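Numbering (our numbering), first residue to last: 762 to 1117.
We put the CB at the ideal spot given by N, CA and C, even for glycine.
Owing to the predicted nature of the structure, the values given are computational and were not obtained by experimental measurement.
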Amino acid sequence: MFDLNLVLRDNIKRLTPYASARDEFKGEASIYLDANENSFGSPLPVAYNRYPDPMQWKLKYKIADIKGVPPQNIFIGNGSDEAIDILLRAFCNPGIDNVILCPPTYGMYEVSANINDVTIRKVSLTENFQLDLPAIESAIDAHTKLIFLCSPNNPTGNALNREDMEMILSNFDGIVVVDEAYINFSRQHSFIQELTEYPNLVVMQTLSKAWGLAALRVGMAFASEDIITVFNKVKPPYNIGQATQDLALQALENVEQVNTWIKETVHERSLLVSRLSALPQVLHIYPSDANFILAKTIDANGIYDHLVTDGIIVRNRSKVELCAGCLRITVGTPNENTALIEAIGAFQSSSSVLKN
Ligand SMILES: *Cc1c(COP(=O)(O)O)cnc(C)c1O
């Protein structure tokens, strides 16, 4: 049985969180002399002299509306990276506890665990990039606090089997983090509707990918109210600036534009797959549920360098385990994709023999 109190660090259980001026007085007043702000104004047209809402309620209500999740079940972070860091700090005792990662996967889980001096247990994905359940089971011990699952996974692009994730959620007594940064491009449903089913579930999403707001830095975590309370205790009081809150709120009005882009991206993805597959330089394209594809090539380093000379940058993942020879390529606009395909098609390998 999952018991949040058994998973939480003792110092966090005992923690008295910072109480800001905006926490101590929540009503409306005409004169605010409680936060040492500049009472005369802001040098910008907007009243940025005032501290922002530490709980970002307006933005949370808007997200709640779009996602069908109550605002009390939402945490907003300075990118998903802040949510990852808070999970590690709140649940993992440095030097004692451990977390499970399933490589090849998103690099920040490992970096953030290392920063927090939390032991990492790596359980590689299988050959077809799915979870190795027996190996995960044997990696779990009494000090395992978090398991990170990324679906659709970066850099492989595939969604993880839902039944495998459900198996872990049902049987693991720690927290299961399901990173859904690419869920908008996937055929698989979000786990966001399963929060009442699994008290140990944290779903992460972001405005950085499909929503086109990578520069704003808005990441979201969805979880039980008890887990969100932990996030709120540990986060810096004003972690999301007013300008970011205002712009994100404005952006979330444009759901239709974003949905159009998602459809275009998925369409371009299938064109990209078929056109790349036809090239002798490309050996295999892995199935993708994301806005990028992982392509096994005859010479990842050679093609990468060749593309750079053409001003086209992709991600060379050939050093990553299970990804030898692989490039990770983001789906671009139709013109960008055409330029990419022409450039790869023009690559002449100096060392490798072309297939066919
Ligand atoms: C891009 C990405 C994110 C997004 O991180 P932000 O900090 O929200 O920009 C999260 N997880 C994965 C797997 C990603 O690829």
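message: What I want to know is whether the C-beta of SER969 ends up closer than 8 Å to one or more non-hydrogen atoms of ligand 1.
response: Because some heavy atom of ligand 1 lies under 8 Å away, the Cβ of SER969 counts as near it: yes.
- prompt: How big is the Cα-Cα spacing for GLN1003 and GLY838?
  reply: Spanning the two alpha carbons is a distance of roughly 13 Å.
- prompt: Which residue's Cα is closest to the Cα of PHE852: VAL964, LEU805, THR866 and THR905?
  reply: THR905
- prompt: Measuring from the CB of THR777, is there a heavy atom of ligand 1 at a distance below 8 Å?
  reply: no
- prompt: Can you tell me whether DSSP reads HIS904 as helix, strand or coil?
  reply: coil
message: For GLY935 and ASN961, what's the separation of their Cα atoms in angstroms?
response: 6 Å
query: Would VAL1075 be called buried (16 or more neighbouring beta carbons within 10 Å of its own) or exposed?
result: Counting Cβ neighbours within 10 Å, VAL1075 comes out buried, since at least 16 surround it.
- prompt: Relative to ligand 1, is the shortest distance from any of its heavy atoms to the C-beta of SER841 smaller than 8 Å?
  reply: yes
field: In DSSP terms, what PHE1053 is bridged to
entry: THR1091
- prompt: Given a threshold of 16 other Cβ atoms within 10 Å of its Cβ, counted over all protein chains shown, does PRO865 qualify as buried or as exposed?
  reply: buried
- request: Would you list, in sequence order, the uninterrupted alpha helix (DSSP H) runs of no fewer than 4 residues that lie entirely inside the region 1013–1085?
  value: 1016–1038 and 1061–1070
task: Identify which residue in THR887, ARG978, ASN919 and VAL807 has its Cα closest to the Cα of ASN1000.
output: ARG978
task: Starting from MET965, follow the beta strand (DSSP E) in both directions and report where the run begins and ends.
output: 962–967
query: Based on Cα-Cα distance, which residue from PHE992, THR967 and ALA920 lies nearest to LEU848?
result: PHE992
task: Please state if the CB of ASP795 and the CB of ALA782 are separated by a distance shorter than 9 Å.
output: yes
query: Taking TYR822 as the reference, which of ASN810, PRO813, PHE836 and THR990 has the closest Cα?
result: TYR822 has its Cα closest to that of PHE836, out of ASN810, PRO813, PHE836 and THR990.
field: Every unbroken alpha helix (DSSP H) inside the region 909–972 [4 residues or more]
entry: You should have 923–932.
- prompt: If you drop the 5 nearest sequence neighbours on each side, which residues of the same chain put their C-beta closer than 8 Å to that of LYS996?
  reply: PHE836, GLY838, GLU843 and ILE847
message: Per the DSSP calculation, ASN1098 is bridged to which residue(s)?
response: Looking at the DSSP assignment, ASN1098 forms no beta bridge with any residue, so it has no partner.
- request: Specify the secondary structure class of PHE836 as computed by DSSP and reduced to three states.
  value: strand
Residue burial classification, VAL872 (beta-carbon count within 10 angstroms, cutoff 16): exposed
task: Would you mind giving the Cβ-Cβ distance between ALA942 and VAL963, rounded to the nearest angstrom? I have them listed as a contact below 8 Å.
output: About 13 Å separates the two Cβ atoms, so there is no contact after all.
Cut-off 8 Å between Cβ atoms - residues of its own chain near SER1110, not counting five sequence neighbours on either side: GLN1042, ILE1059, ASP1060 and GLY1063
Exposure of SER1038, with buried meaning 16 or more beta-carbon neighbours within 10 Å: exposed
- prompt: Does the region 905–916 come close enough to the region 1044–1057 that 3 or more CB-CB pairs lie under 8 Å?
  reply: yes
- prompt: To which residues does DSSP link ALA982 through a beta bridge?
  reply: PHE836 and MET965
- prompt: Roughly how many angstroms separate the alpha carbons of ASN1077 and LYS787, rounded to a whole number?
  reply: Spanning the two alpha carbons is a distance of roughly 50 Å.
message: My output table needs one value for ILE1001: the three-state DSSP class, helix, strand or coil.
response: DSSP places ILE1001 outside both helix and strand once states are collapsed to three, so it counts as coil.
task: Report buried or exposed for ILE861, applying the criterion of at least 16 other Cβ atoms within 10 angstroms of its Cβ.
output: buried
task: Starting from the Cα of GLU924, find the closest Cα among ILE953, LEU892, CYS863 and ILE901 and give me that residue.
output: LEU892
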